[in-house]
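K.L.:
Below are the structure tokens for one structure; questions will follow.
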């Protein structure tokens, strides 16, 4: 009887260990899948941002029909912005909206202009930018933070080629980009802006 109880106890312990290990691997796999999806989304946005100039985006950005209209209220001293979605708004929402939180989208395109700054600079300076490689690394201490490096090949107005490594940080929120900051571009944007 004691042998049967001992074997039963060993069997139950073994099953419990395998069950716990199985559950642990499942949640680790879920985190890995979420991490992969986050990286995929970040990569798509970086690819689109640094593949410049984006002529469609710029044509919609500079189309006067897409200008934001600010109305002065004659009876008060406040201004109001006409809330009308235009072709530019639709284009950036269709191409980038799924990857950003509302706050992140607003910051990247409206507040900072980061989403089209490189496209605009490349267009005005007659540069062509093409991402050659993108490296994205998840922060070890904060699973919602990622660091990135993008190696960008460029051709300038004289048809001379070069590469620059741009790096920055991304903050995620529930699988969407809440903040994307380009910290260093090795002077690429400044060079393009001083070369119109």
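In my numbering, the protein residues as written are 212 to 407. Backbone N, C-alpha and C fix where the C-beta goes; we use that ideal spot for every residue, glycine too.
1. Taking the CB atoms as reference points, tell me whether residue 375 and residue 365 lie closer together than 8 Å.
2. Reducing DSSP to helix, strand and coil, say where residue 352 ends up.
3. Quick one: does the C-beta of residue 320 sit closer than 7 Å to a heavy atom of the ligand SAH?
4. Secondary structure at residue 368, three-state DSSP: helix, strand or coil?
5. For the segment 299-366, which segments carrying the beta strand (DSSP E) assignment without a break, of at least 3 residues, lie completely within its bounds, in sequence order?
6. Does DSSP put residue 389 in a helix, in a strand, or in coil?
7. According to the neighbour-count rule (16 or more other Cβ atoms, all chains shown, within 10 Å of its Cβ), is residue 401 buried or exposed?
8. Looking only at its chain, what residues have a beta carbon closer than 7 Å to the beta carbon of residue 334, apart from the 5 residues adjacent to it on each side?
9. Express the C-alpha separation of residue 314 and residue 384 in angstroms, rounding to a whole number.
10. Please classify residue 373: does DSSP put it in a helix, a strand, or coil?
11. In the DSSP assignment, find the unbroken alpha helix (DSSP H) run with residue 270 in it and report its ends.
12. Report, in whole angstroms, the separation of the C-beta atoms of residue 393 and residue 373, which I expect to be a contact under 8 Å.
P.N.:
On the basis of the coordinates in this document:
1. Here residue 375 refers to the residue found at position 164 when the chain shown is read from its first residue. Here residue 365 refers to the residue found at position 154 when the chain shown is read from its first residue. Residue 375 is a Cβ neighbour of residue 365, given a cutoff of 8 Å.
2. Looking up residue 352 in the chain shown gives position 141. Residue 352 falls in the coil class under three-state DSSP.
3. Among the ligands in the structure shown, none appear at all, so the ligand SAH cannot be discussed.
4. Counting from 1 along the chain shown, the entry for residue 368 is found at position 157. Taken through DSSP and simplified to helix, strand or coil, residue 368 comes out as coil.
5. DSSP runs (the beta strand (DSSP E)) wholly in the segment 299-366: 339-349, 356-366.
6. Locating residue 389 in the chain shown gives position 178, counting from the first residue. When secondary structure is reduced to three states using DSSP, residue 389 falls in the strand class.
7. By 1-based counting over the chain shown, the position of residue 401 is 190. A residue is called buried once 16 or more other Cβ atoms fall within 10 Å of its Cβ, and residue 401, having fewer, is exposed.
8. Along the chain shown, one-based indexing puts residue 334 at 123. The answer, listed in chain order, is 264, 269.
9. In the chain shown, the residue the question calls residue 384 occupies position 173. In the chain shown, the residue the question calls residue 314 occupies position 103. Rounded to the nearest angstrom, the two C-alpha atoms are 10 Å apart.
10. To locate residue 373, count along the chain shown from 1; it is residue 162. Three-state DSSP puts residue 373 in a strand.
11. Here residue 270 corresponds to residue number 59 of the chain shown, with the count starting at 1. First-last of the alpha helix (DSSP H) with residue 270: 266-273.
12. Walking along the chain shown from the start, residue 393 turns up at place 182. Walking along the chain shown from the start, residue 373 turns up at place 162. Contact flag wrong, Cβ pair sits at about 18 Å.
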